[in-house]
Structures are given as C-alpha cells and as structure tokens.
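Residue numbers for the sequence shown follow numbering that gives the first Met the number 0, so the first one is 0 and each next one is one higher. Beta carbons: idealized from backbone N, C-alpha and C, even for Gly.
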Amino acid sequence: MAEIKCVGVIGAGQMGSGIAQLAATNGLDVWLLDADRDALSRATGAISSSIKRFVSKGVITKEVGDDAMRRLRLTSNLQDLSSADIIVEAIVESEDIKKKLFKDLDGIAKSSAILASNTSSISITRLASATQRPSQVIGMHFMNPPPIMKLVEIIRGADTSEETFIATKALAERFGKTTVCSQDYAGFIVNRILMPMINEAFHTLYTGVATKEDIDSGMKHGTNQPMGPLQLADLIGLDVCLSIMKVLHQGLGDSKYAPCPLLVQYVDAGRLGRKRGIGVYDYRKATQKPITPSPRL
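What follows is the structure in structure tokens.
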C-alpha cells in the first residue's frame with residue numbers, strides 16, 4: 000500500500016471540514032468534496048478561521064497554517080478524488096446513501112486507495128460489501144470537532160486487512176490522535192456506551208424526574224463531564240442521536256436500546272439541536288420570541 004500523500008474528504012459539514020483541516024495542517028494534499036458549492040464556501044471560511052485561531056494560540060505556526068490553506072482544494076466532481084490515497088466520507092448517517100457512495104468510489108478511486116467511513120454506528124462490513132475491495136474499507140470515526148478532540152475510533156470490517164488497519168492507524172497518529180480499535184458491532188465502542196446514556200437522559204426528562212437544566216448540571220458536576228448529556232445531544236444533533244439509537248436497537252435486538260419517545264418527537268418536530276437553533280435548548284437570537292415547551296412538546 001502506497002504512502003498516504005493525498006486525502007479525499009467527502010462532505011463539507013463540520014466533521015468533513017474538520018477532517019480536511021487536520022489533513023492539510025499535517026502536510027497532506029486535500030480534496031474536499033461536496034455537491035453543494037455554498038457548503039464548500041462555508042467550509043473554507045470555517046477552516047480558515049479555525050487555522051487562524053490555532054496560529055494565534057501558538058498551536059501551529061503561521062507557515063504551517065498558510066501551507067495548509069494552499070494544500071486545500073475544493074470540488075464537486077467525484078472524479079477529482081481519483082488521485083487520493085485514502086478517501087474519508089463524512090456524509091449523512093444513512094446506510095443506503097453511504098453504500099451508493101462507496102459503490103461509486105470503488106469505480107473511481109485508484110486500486111491501492113483506502114475507503115474510510117466516518118460513520119458513528121453503521122456496519123463497515125455492509126458498507127464494504129458495496130465495493131470490490133472490502134479488504135481496503137475501514138471505519139475512521141473522528142470525534143466532534145475533529146481538530147480538537149483527541150480520539151479516533153478505528154473499526155475493522157469482517158474483511159479489513161491488517162495493512163489497511165496499520166495505514167489508517169498511522170494516519171490518525173500523524174494527526175496527533177489517540178486511537179482505539181473496535182470490531183464491527185453496532186455502535187462500536189464510544190456510541191455503544193454514550194448513546195444509551197443520552198437516551199436515558201431523555202427518558203429522565205420525558206418522565207418528569209427533573210428539568211433539563213438539573214439533569215445536565217447533575218451529570219456535569221456529579222460525574223465530571225464537560226457538558227451534560229442533553230447539551231451534548233444538541234451539539235451532536237438529535238437526528239444523529241436518533242439514528243444511532245435505531246442502529247443499536249436493530250443491531251443488538253434489545254429493547255433497552257429503543258429510542259425515547261421524546262427524542263423521536265423532537266426530531267419529528269425539526270428540533271435537531273444547535274445546527275437548527277433549537278433542540279432540547281433554544282439557541283436562537285434573544286430578539287426572537289422565546290419558546291418554553293413542556294418536555295413532551
């Protein structure tokens with residue numbers, strides 16, 4: 000397997016742009032792809048601002064920051080990723096959509112390229128089945144936001160080769176990340192543990208045990224977490240949390256993983272968290288009329 004010199008990243012949202020930033024600031028050429036040109040423009044601005052903050056804090060030098068921006072290239076054409084040594088997808092958390100993308104990538108990427116998924120819960124084995132190179136398909140799950148969070152969870156599918164695993168682990172370590180390895184079971188390590196906690200926090204709110212503020216304060220100050228589980232759910236995105244709970248419920252077949260009705264209801268109402276301005280908490284401008292819904296909407 001060739002040395003990784005060029006990275007393709009698909010999806011210019013917070014995760015994709017963060018992964019692209021990591022690659023560029025660590026001396027790799029990067030193609031950042033998104034079908035939405037406005038998303039690419041926003042990602043460029045976000046990456047530039049983030050790099051400037053890192054320079055101002057002395058985390059990286061100005062020279063490294065300037066070089067990173069030169070290494071970053073934007074595209075909406077999948078064919079441009081044919082030069083990439085590894086392609087990391089960070090698109091919507093849908094197995095069907097990801098499998099179609101992997102099938103398309105398999106016909107475009109060079110034969111030695113690794114196809115990696117930033118999925119937080121979907122089976123790597125099933126994604127790999129859409130390709131003719133299952134030994135070169137792997138999970139590379141970054142935490143949010145990728146430039147700051149230290150962990151990368153690496154997931155081996157049923158046919159992932161040792162060579163692919165070693166190359167992916169080395170890349171994560173080049174990014175300065177701590178790695179953990181999971182076998183291909185629903186939720187992997189982090190979300191297998193984290194999402195049931197968030198789901199239980201929703202049950203605690205749903206059944207009126209306490210207010211959202213007291214639930215978050217209790218977990219933050221009682222268990223030394225940086226933020227409460229409901230605040231964290233809003234940061235992750237309630238739709239993402241719900242999707243992962245559904246994967247856990249279906250993949251593990253235990254009723255304890257059934258999504259809380261309140262979580263389902265919030266997602267149905269479009270209350271997806273910070274990205275929509277409202278989730279468990281309301282993040283909209285103070286000038287707007289505040290909403291004070293009951294826990295059951």
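### Query
For the beta strand (DSSP E) that ARG72 lies in, which residues bound it at each end?
Here residue 72 refers to the residue found at position 73 when the sequence shown is read from its first residue. Looking at the DSSP string, the run of the beta strand (DSSP E) that includes ARG72 is 71 to 74.
### Query
For GLN287, does the three-state DSSP call read helix, strand or coil?
Along the sequence shown, one-based indexing puts residue 287 at 288. Caution is warranted here: a pLDDT of 47 is assigned to GLN287, below 50, making its placement in the model unreliable, and no coordinate value can be reported.
### Query
Among residues of its own chain, excluding the 5 on either side of SER81, which ones have a beta-carbon nearer than 8 Å to its beta-carbon?
Counting from one through the sequence shown, the residue named residue 81 turns up at place 82. In the same chain as SER81, and ignoring 5 residues on each side of it, the C-beta atoms closer than 8 Å to its own belong to ILE107, ALA108, LYS109, in chain order.
### Query
Using the beta-carbon count (16 or more within 10 Å), is ASP33 buried or exposed?
Mapped onto the sequence shown, residue 33 falls at position 34. By the 16-neighbour rule on beta-carbons within 10 angstroms, ASP33 is buried.
### Message
My output table needs one value for CYS259: the three-state DSSP class, helix, strand or coil.
### Response
Here residue 259 refers to the residue found at position 260 when the sequence shown is read from its first residue. Three-state DSSP puts CYS259 in coil, outside helix and strand.
### Query
Just to confirm, are LEU237 and VAL266 a CB contact at a threshold of 8 Å?
Locating residue 237 in the sequence shown gives position 238, counting from the first residue. Locating residue 266 in the sequence shown gives position 267, counting from the first residue. Between LEU237 and VAL266, the C-beta spacing is below 8 Å.
### Message
Once DSSP output is grouped into helix, strand and coil, what is the label at SER293?
### Response
What you label residue 293 is simply residue 294 of the sequence shown in a count that begins at 1. Because SER293 carries a pLDDT of 43, less than 50, the predicted location of this residue cannot be relied on, and the following value inherits that uncertainty. Coil, per DSSP.
### For LEU114, the three-state DSSP class (helix, strand or coil)
By one-based count along the sequence shown, residue 114 stands at place 115. Annotated three-state conformation of LEU114 is strand, per DSSP.
### Query
Is the stretch 118 to 131 in contact with the stretch 243 to 255, if contact means three or more CB pairs nearer than 8 Å?
Counting Cβ pairs under 8 Å, three or more are found: they touch.
### Query
In or out: MET226 buried (at least 16 other Cβ within 10 Å) or exposed?
Start at 1 with the first residue of the sequence shown, and residue 226 comes out as number 227. Under this definition MET226 is an exposed residue.
### Query
Can you tell me the Cα-Cα spacing of GLY156 and SER181, whole angstroms?
Taking the first residue of the sequence shown as position 1, residue 156 is located at position 157. Taking the first residue of the sequence shown as position 1, residue 181 is located at position 182. Roughly 9 Å separates the two Cα atoms.
### Message
Is it buried or exposed, GLN78, if we count other Cβ atoms within 10 angstroms and call 16 or more buried?
### Response
Numbered from its first residue, the sequence shown carries residue 78 at position 79. Sixteen is the threshold: since fewer than 16 other Cβ atoms of the shown chains lie within 10 Å of the Cβ of GLN78, the residue is exposed.
### C-alpha distance - ASP37 paired with GLU92, whole-angstrom precision
Taking the sequence shown and counting its residues from 1, the one referred to as residue 37 is at position 38. Taking the sequence shown and counting its residues from 1, the one referred to as residue 92 is at position 93. If you take the alpha carbons of ASP37 and GLU92, they lie about 21 Å apart.
#### Entry: Per DSSP, the bridge partner or partners of MET139
For the purposes of this step, residue 139 is identified with residue 140 of the sequence shown, where counting begins at 1. For MET139, which the question treats as bridged, DSSP gives the partners ILE153.
### Stretch pair the stretch 248 to 265 + the stretch 208 to 217: three plus CB contacts closer than 8 Å
No, the stretch 248 to 265 is not in contact with the stretch 208 to 217.
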